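**Student:**
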Amino acid sequence: MKRHQNAEAAGLISFLVCGCIGGTGTWLYMQLAPALMQLMQRRFIASSAIIAACGMVSFIVGYVHASITSFSTRSGWVVILRRAVEIVALAMVYAATLFVTSFLVFSVVNLLMGHALFSTYLVAVSASLAGMGGYLTFVQAELMDAKTLASLLFVFVLSGVGTACVTNDNTGWYNNNFSQLGDRTTFAATMFNVTLILGGICVMIISYFALTELATTYKVTDADGSVTIRHIHTRYHIPRFRTRLAIMGTLLFLCGLAFVGIGTFRYTPHPFLHDLFARTMALWMGLLILGLPWWAPQLSNAFYVVSDVCALVVVFLGVAWLRGMTPLTNVEAACGLMFLGWFIVFCRQIAAIEADRIQQQIAERQPMDAAMVRQLVGQREQEEFDPVLSTTHNPVYDASDMVTGSRP
1 MKRHQNAEAA GLISFLVCGC IGGTGTWLYM QLAPALMQLM QRRFIASSAI
51 IAACGMVSFI VGYVHASITS FSTRSGWVVI LRRAVEIVAL AMVYAATLFV
101 TSFLVFSVVN LLMGHALFST YLVAVSASLA GMGGYLTFVQ AELMDAKTLA
151 SLLFVFVLSG VGTACVTNDN TGWYNNNFSQ LGDRTTFAAT MFNVTLILGG
201 ICVMIISYFA LTELATTYKV TDADGSVTIR HIHTRYHIPR FRTRLAIMGT
251 LLFLCGLAFV GIGTFRYTPH PFLHDLFART MALWMGLLIL GLPWWAPQLS
301 NAFYVVSDVC ALVVVFLGVA WLRGMTPLTN VEAACGLMFL GWFIVFCRQI
351 AAIEADRIQQ QIAERQPMDA AMVRQLVGQR EQEEFDPVLS TTHNPVYDAS
401 DMVTGSRP
């Protein structure tokens, strides 16, 4: 079997193992835990923690298995340390996502079925969720890319905020703003703030992998065999590529840091810091979205247009709030969902460039007739690079392009 088949087969094994562990762990908790820990919400916390632990271990095993080649072919402690940091960071993302998603499922089903009836199904539901978590984490660890991670962020934030809304006992918070949802010391407020903190950390982690993937698509092999960033003598060159990438990475890091600050500093005890992070987050997002054609000119023109439309919608909602036409909660919800959606599409754009590069590399290694070769050569000769607004055609030049030693 090949790589994808092996990943699916191993994922099924992980499904069975994690399902058994999740069901058994929940059953043992219900049998052995003291009466004080048998409250329904604490049962949900324990079961969600077991599911998250199963998924985290499954991901670590899958990611290490997928990275064995790198460990064996590349020596040096820097590579090993980088892989270890990647494993810890990604495992935290998956564990947090599984925890809040499982807790949300437990809470919603419990509201629909009632405490007494759902207690009889808790073990079965835990086993099912643990099995699905083990399968997904193992397969995604084997076939990791930026767009998969970005989709996880959306699920994680929606699950965490949804759990906070479902378990919150203050029914009037939405009349003011989202800060009031997390401006208490209850379980719901804590869940909301922790979701913001972990969501900000996830933005930083996913941004690292997305930008690393973007840098990989821009590398070429020189005549001496060394792999370097494209330079002025290559056929496709972006001026000051490292500077652009560093600015974009800094803005994404600041956006994630703003999420962390909002969740860390509640409004009532820390109004200045809370407002500072909330308002600067809008600034970083604006600079990132409006300046995207300069930070990442290899993305598609359609994405730039959609990004500008998102910025205009946010401005319109802000003006509507200032004029008293809509509550601040609607503005915050729309901005948050819009940023998450934009971030997912941003990562998918980068993943598409990488997929096109790999496809082009495979196609150029397959035998082609003379007419097809002439057609490809003609297309490449006609392609030109616009340093401000470009298309996704240029970056498909594969990483094995040899430097000719002169300008194209």
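Residue numbers (UniProt numbering): 1 to 408. Just so you know, even glycine gets a beta-carbon here, dropped at the ideal spot from N, CA and C. The structure presented is a predicted model; accordingly, all values stated were derived computationally and were not measured.
1. With distance defined between alpha-carbon atoms, name the residue in 2, 296, 20 nearest to residue 238.
2. What is the rounded straight-line gap between the Cα of residue 179 and the Cα of residue 299?
3. With a 10 Å radius around its C-beta and 16 neighbouring C-beta atoms as the bar for buried, classify residue 115 as buried or exposed.
4. Is residue 302 buried or exposed, if buried means 16 or more other CB atoms sit within 10 Å of its CB?
5. For residue 170, count neighbouring Cβ atoms within 10 angstroms of its own Cβ and tell me buried if that reaches 16, exposed if not.
6. Reducing DSSP to helix, strand and coil, say where residue 138 ends up.
7. Whole angstroms is fine: what's the gap from residue 273's alpha carbon to residue 261's?
8. CA-CA distance, residue 33 and residue 287?
9. Counting Cβ pairs closer than 8 Å, one from the stretch 186 to 198 and one from the stretch 151 to 168, do we hit at least three?
10. Around the C-beta of residue 316, are 16 or more other C-beta atoms found within 10 angstroms, so that it is buried, or is it exposed?
11. So, with DSSP's three-state summary, where would you put residue 232?
12. Looking at residue 141: is its Cβ nearer than 9 Å to the Cβ of residue 63?
13. Grab me the residues of residue 338's own chain with a C-beta within less than 6 Å of its C-beta, minus the 5 sequence neighbours each way, in chain order.
14. Could you check what DSSP says for residue 308 in three-state terms: helix, strand or coil?
15. Quick check: the Cα distance between residue 14 and residue 346, rounded to an integer number of angstroms?
16. Mapping the DSSP letters down to three states, classify residue 298 as helix, strand or coil.
17. For residue 325, which of helix, strand or coil comes out of DSSP?
18. Can you tell me whether DSSP reads residue 63 as helix, strand or coil?
19. Which residue wins for smallest C-alpha separation from residue 128, given the options 323, 259, 185, 22?
20. For residue 166, collect the residues of the same chain with a Cβ closer than 6 Å to its Cβ; drop the 5 residues on either side in sequence, then sort them by chain order.
21. Taking all protein chains shown into account, do 16 or more other C-beta atoms lie within 10 angstroms of the C-beta of residue 11, making it buried, or fewer, making it exposed?
22. Are the beta-carbon atoms of residue 450 and residue 133 separated by less than 9 Å?
23. In chain order, what residues of the same chain lie with their CB nearer than 8 Å to the CB of residue 38, ignoring the 5 residues before and after it?
24. What three-state label does DSSP hand residue 132 in the structure shown?
25. On the three-state DSSP scale, how would you describe residue 17?
26. How far does the alpha helix (DSSP H) with residue 36 in it extend, from its first residue to its last?
27. Please state the DSSP three-state secondary structure of residue 144.
28. Is residue 202 closer than 9 Å to residue 96 when the C-beta atoms are compared?
29. Please state the DSSP three-state secondary structure of residue 268.
30. Which of helix, strand or coil does DSSP assign to residue 182?
31. On the DSSP letters alone, give me the boundaries of the alpha helix (DSSP H) that residue 240 sits inside.
32. Less than 9 Å between the C-beta atoms of residue 105 and residue 121, yes or no?
33. When we look at the beta-carbon of residue 56 and count the other beta-carbons within 10 Å, is it buried (16 or more) or exposed?
34. Spatial neighbours of residue 308 within its chain, please: C-beta separation below 8 Å, excluding the five flanking residues on both sides.
35. Quick test of your reading: residue 204 and residue 164, contact by CB under 8 Å. State the CB separation rounded to the nearest angstrom.
36. Let me know the secondary structure DSSP gives residue 168 once reduced to three states.
**Tutor:** Looking at the atomic coordinates:
1. 296
2. 35 Å
3. exposed
4. exposed
5. By the beta-carbon neighbour count (other beta carbons within 10 angstroms, threshold 16), residue 170 is exposed.
6. helix
7. 8 Å
8. 52 Å
9. With the cut-off at 8 Å, the stretch 186 to 198 and the stretch 151 to 168 touch.
10. exposed
11. Interpretation of residue 232 is limited by its pLDDT of 43, a score under 50 that renders its predicted location unreliable; no figure is taken from the coordinates.
12. Result yes, Cβ atoms of residue 141 and residue 63 sit closer than 9 Å.
13. 310
14. helix
15. 31 Å
16. coil
17. Assigned with DSSP and collapsed to three states, residue 325 falls in coil, not helix or strand.
18. helix
19. 22
20. 107
21. Using a 10 angstroms sphere on the CB of residue 11, the tally of other CB atoms reaches 16 or more, which defines it as buried.
22. Outside the displayed span of the chain (1 to 408) sits residue 450, for which this structure offers no information.
23. 30
24. Correct three-state label for residue 132: helix.
25. Residue state for residue 17 is assigned as helix, using DSSP reduced to three classes.
26. No alpha helix (DSSP H) holds residue 36; DSSP gives it neither H nor E.
27. coil
28. Against a cut-off of 9 Å, the Cβ pair of residue 202 and residue 96 comes out as a contact.
29. coil
30. coil
31. Residue 240 -> no alpha helix (DSSP H), and no H or E assigned at all.
32. no
33. Buried, because 16 or more other Cβ atoms sit within 10 Å of the Cβ of residue 56.
34. Setting aside the 5 residues that flank it on each side, residue 308 is surrounded in the same chain by 289, 290, each with a C-beta closer than 8 Å to its C-beta; the list follows chain order.
35. About 22 Å; that fails the 8 Å criterion.
36. coil
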